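Asks: Input: one structure, supplied below.
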Amino acid sequence: MHIISIWTVVEWLSLPALAVLAGILVWRRLHREFPFFFLFVLAAEIATIVRFAAKFGTPWTYFYAYWISDLVVTIFNFLAVYELYTRRLFPSFQRVRFYRYLFAAAASAAIALGWLTAMEAPDKTAAFLIEARVLNFIVAVAMGLLVSLMVFMNRVWTRFDFGIAFGLGINAATFMFVSAMWVRTHYGPSTVDRLPVVAYDISCLIWLFTFWKPERRTQFLPPEQLNPEMLHQARSWETVLKNWLTVGKSKR
């Protein structure tokens, strides 16, 4: 009985944690600075409330509430990762039309690919699981690429950016690890089944710790004060990428 109570607390710890986090973001007016991450927090909080209410319904009610809300939250997760790219790694890239289309196309392709793959699944459980796995794989790859490029391009993290990325990275990496273990055990009961919940709680606590105190604004410059060389570099990469795509099409 005592163990069950502990796991109940662990399972629903994110509910109050996300509520407090959303309040802190609004109180410090950081919801304007991180709008996509704020929407992700709100979506995750609403999803947790819906799942909690669905616990008192039928098993199928909870099934649909869990997986549909999971897909919605994952989409907002992708937007939060996109926000990190445009804020820290590629500031002013939103001024380059090609990159705005590139990110939108990548997100649409990921969702469409997951949906088409899920349509071939033998049952509803497999369909939802495949869709979630595809989207989380995209998020995990995006997070890994973000960290690699931050190091390669010698970008400097702020505490807020690092905290958001660290929490999102923990969630994505844990989900991919657990998914691999599920495949290995043929989706039978496993000791890693509760890891995503624990990782999610840890991420929420990391975000709370990150935003609990204000950040010193010594390293971050708004886009209008950035060195024009960054925008010139972005346009140069755009030309190289366009030429590469053009050559690839001509060879087909």
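Going by the working numbering, the sequence shown opens with residue 281, and the numbers climb by one from there.
Every residue gets a Cβ at the ideal spot worked out from N, C-alpha and C, and that includes glycine.
Since the structure is predicted, the reported quantities are computational estimates derived from the model, not experimental observations.
Leaving out five residues before and five after phenylalanine 457 in sequence, what residues of the same chain have Cβ atoms less than 8 Å from its Cβ?
Replies: Contacts found: Val472, Leu475.
Asks: Between alanine 420 and alanine 453, how many whole angstroms is the CB-CB distance? I'm expecting something under 8 Å.
Replies: Their Cβ separation, rounded to whole angstroms, is 6 Å, which keeps alanine 420 and alanine 453 in contact under 8 Å.
Asks: Would alanine 360 be called buried (16 or more neighbouring beta carbons within 10 Å of its own) or exposed?
Replies: Alanine 360 comes out buried.
Asks: Please return the same chain residues whose Cβ sits closer than 8 Å to the Cβ of arginine 331, not counting the five positions on each side in sequence.
Replies: Same-chain partners within the cutoff: Tyr342, Ala345, Tyr346, Ser349.
Asks: For isoleucine 482, which residues of its own chain have a beta-carbon under 7 Å away from its beta-carbon, when the five flanking residues on both sides are left out?
Replies: Same-chain partners within the cutoff: Ile450.
Asks: So is glycine 424 buried or exposed if we call it buried at 16+ other beta carbons inside 10 Å?
Replies: Glycine 424 comes out exposed.
Asks: Once DSSP output is grouped into helix, strand and coil, what is the label at valine 472?
Replies: Valine 472: coil per DSSP, three-state reduction.
Asks: Please tell me whether glutamate 313 and valine 477 are closer than 7 Å, where the distance is taken between their beta carbons.
Replies: No, the Cβ-Cβ distance between glutamate 313 and valine 477 is not below 7 Å.
Asks: Quick one, are the C-beta atoms of leucine 351 and valine 321 less than 7 Å apart?
Replies: Contact: no.
Asks: Kindly indicate the opening and closing residues of the alpha helix (DSSP H) around glutamate 313.
Replies: Careful: glutamate 313 lies outside any alpha helix (DSSP H) and carries neither H nor E.
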